[in-house]
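Throughout the sequence shown, residue numbering follows UniProt numbering, covering 1 to 399 in sequence. Here's the structure we're looking at; comments come further down.
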Amino acid sequence: MTRDTIETLESSFSTLALHADDEFAFASDVAPGIGVSTTFRMGYVGAVSERVGPNGRPNYIYSRDTTNNRDRLEIVLGKLTEGHAVTYASGQAAGFAALVHYKPRRVAIRGGYHGTHGSLKVYNRHHAIDVIDIDDPYEEGDLVWIESPHNPEGEIFGNANAKIIVDATFAPPPLSYPFRLGVDLVMHSTSKYFSGHSDGLGGLLVAPSAEQATELREDRVYLGSVLGSLETWLLLRSVRTLKVRVVQQSITAEALARWLNGASGGKAYDGIPAKTIHSVRHASLQDFTASPSPTAPGQEPKPSGCHQGWDVAKQNPGGFGACFSVLLYTSAQARKIPFTLTLHQPATSLGGVESLIEWRYGVDPSQDERLVRVSIGLEELDDLKEDWRRGLKRLVYEE
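Below, the structure written as C-alpha cells:
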C-alpha cells in the first residue's frame with residue numbers, strides 16, 4: 001500500500017483531516033511522533049530496491065525520499081485538496097518544481113505574488129521562456145499561472161492549448177477546490193493557512209493523478225527541496241484544525257472588511273474618523289457585473305470588478321478568504337497604521353491564528369504606497385473593530 005492507493009471511508013472534511021492517515025499510524029501513539037532520523041535500518045535483503053516491505057508497510061530508506069510523517073501528511077493533504085499531494089520545503093520551491101515539471105515555452109501571468117516573478121527570472125536564466133499576459137492567445141506548451149481568489153478577465157479555464165496552475169494559497173480548502181474548475185495543477189504555500197501558526201515553512205503541489213504525483217516526487221528527490229522533519233510534523237499537527245481555523249478567519253475577515261468599507265471614500269463611520277479609509281478590497285466586496293480595472297501605483301483606484309458574468313463565489317464556495325487590503329488616505333497613514341494597531345501584528349505573511357498587517361510597498365515597490373495588507377486571525381470581531389477605531393484615531397491625532 002502506498003500513499004496514493006490508501007483507501008479511506010467517505011467522510012466529511014474535518015474527519016478526513018483527523019483520520020485519513022490512520023492506516024499509516026504504525027506506532028501506538030495517538031499523536032504522531034517527531035521523527036528526525038535521516039536514514040532507516042533495512043530489515044531484509046532487497047530493501048533498497050523495494051518500496052513496500054513484506055509486511056505491506058512502506059520501506060523507508062532515506063528521508064530525502066520520504067518518511068512516515070511525510071507520507072501521513074501527504075495522504076491527509078491529498079484527501080483535503082481532492083488530489084495527490086507532494087510537499088516541498090517552501091512555496092517558492094513548489095512553484096519552481098512546477099516549472100521544472102512542465103518545461104513551458106511561455107508563461108502567462110499577470111500581477112500576483114512578487115516571489116513567483118522572481119522564480120520565473122531565475123528559471124529564465126537557464127531556460128529561455130517568454131512571459132506573456134494572461135489575456136494573450138495561448139499556444140501548445142504554454143503555462144497559465146493564476147492566483148485564487150482571482151478575477152478572470154479572459155477565457156482561461158478549459159483552454160486545450162495550455163496547462164493551468166493555480167496558486168490557491170489565499171483560498172485553501174474548504175474555501176476553494178480548483179480541480180473542480182478544470183485546472184491542471186494546484187499550488188499552495190503551506191506556510192500560510194495549512195500551517196496556520198506562523199511556525200512552519202513549507203510548500204505543496206497537488207496533482208490530479210497518482211502518476212503525475214510520482215513524477216513530481218521523483219524530481220523532488222534530485223532537486224533536494226524536501227520538507228524538513230520538524231516542519232512536516234508541525235504541518236501534520238496543524239491540518240487537523242484547518243477547517244475550524246480557516247472558516248472562522250474567513251467569516252471574521254469578511255465582516256471586518258465590510259465594516260471598514262463603510263468608511264470608504266474618506267467618510268466618518270461608526271467611530272472611524274474621516275479621511276482615513278480610501279477603499280477596501282476583498283473578494284466579498286467585488287462587483288460581479290463590472291469590468292476589471294487594475295490600478296497602477298500612484299493612480300486613483302477604479303471600480304473593482306470581475307469578468308462580466310463571473311461570480312467569485314463559484315470559485316470560492318466555502319468563503320472569500322481571510323486576507324484583504326485597505327487603501328489609506330495617504331501614504332504616511334499607510335506606513336504608520338501597522339504600528340498604531342495593537343491586536344494586528346506588524347509583520348509580513350498571512351494565514352496565522354494572529355492578525356497581521358503590512359505596508360506592502362515596503363516589500364513590493366510595485367504596490368500603491370497607500371496600501372496595507374491585512375490577514376485576519378482568530379481574535380473576536382468586536383475587538384478587531386475597536387483596534388481599528390483606536391489605531392485610526394491615533395493616526396489623525398498624530399497628524
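Beta carbons: idealized from backbone N, C-alpha and C, even for Gly. This one's a predicted model, so the numbers in the text were calculated from it and none came from an experiment.
Short check: CB of residue i to CB of residue j, under 9 Å?
i: Glu140; j: Thr169; result: no
i: Tyr113; j: Asp167; result: yes
i: Ala334; j: Val374; result: no
i: Ala207; j: Val86; result: yes
i: Glu379; j: Leu343; result: yes
i: Lys192; j: Leu350; result: yes
i: Gln92; j: Ser198; result: no
Tell me the DSSP bridge mates of residue i?
i: residue 464; result: No information on residue 464 is available, as it lies outside the stretch 1 to 399 that the chain covers here.
i: Ile146; result: Val166
i: Ala334; result: Ala334 pairs with nothing; no bridge assigned.
i: Val374; result: Phe324, Ile357
i: Thr340; result: Looking at the DSSP assignment, Thr340 forms no beta bridge with any residue, so it has no partner.
For the beta strand (DSSP E) containing residue i, list its first residue and its last residue.
i: Asp130; result: 130-132
i: Leu185; result: 185-188
i: Tyr88; result: 84-88
i: Leu234; result: Looking at the DSSP string, Leu234 is not in any beta strand (DSSP E); the run it does join, the alpha helix (DSSP H), is 229-239.
i: Arg245; result: Where Arg245 is concerned, there is no enclosing beta strand (DSSP E), although the alpha helix (DSSP H) it sits in stretches over 242-261.
i: Ser191; result: Ser191 -> no beta strand (DSSP E), and no H or E assigned at all.
i: Arg105; result: First-last for Arg105: undefined, no H or E at that position.
i: Ser264; result: Note, Ser264: premise wrong, no beta strand (DSSP E); not H, not E.
Around the Cβ of residue i, are there at least 16 other Cβ atoms within 10 angstroms (buried) or fewer (exposed)?
i: Gly265; result: exposed
i: Pro321; result: Note that residue 321 is Gly in the sequence shown, not Pro. Buried, since its Cβ has 16 or more Cβ neighbours within 10 Å.
i: Tyr177; result: buried
i: Ala20; result: buried
i: Leu338; result: In the sequence as presented, Leu is not what sits at residue 338; that position holds Pro. Answer is buried; the Cβ neighbour count reaches 16.
i: Ala128; result: exposed
i: Asn69; result: buried
i: His126; result: exposed
i: Gly203; result: buried
i: Glu74; result: buried
i: residue 408; result: Here the chain comprises residues numbered 1 to 399, so residue 408 is not present and cannot be evaluated.
i: residue 431; result: Residue 431 cannot be examined here, being either before or after the span of the chain that is shown, 1 to 399.
i: Glu231; result: buried
i: Arg226; result: With the sequence shown as reference, residue 226 is identified as Val, and Arg is not the correct amino acid for it. Burial call: buried.
i: Pro294; result: Here Pro294 scores only 42 on pLDDT, less than 50, and its place in the model should not be relied on; the value that follows carries that caveat. Burial call: exposed.
DSSP three-state call for residue i: helix, strand or coil?
i: Ala347; result: coil
i: Leu204; result: strand
i: Glu139; result: coil
i: Thr116; result: helix
i: Leu395; result: helix
i: Asp167; result: strand
i: Tyr361; result: helix
i: Ile75; result: helix
i: Arg217; result: helix
i: Pro58; result: strand
i: Thr67; result: coil
i: Tyr269; result: strand
i: Leu356; result: strand
i: Thr38; result: coil
i: Asp22; result: helix
i: Asn161; result: coil
Starting from residue i, follow the alpha helix (DSSP H) in both directions and report where the run begins and ends.
i: Ala94; result: 91-102
i: Ser14; result: 13-19
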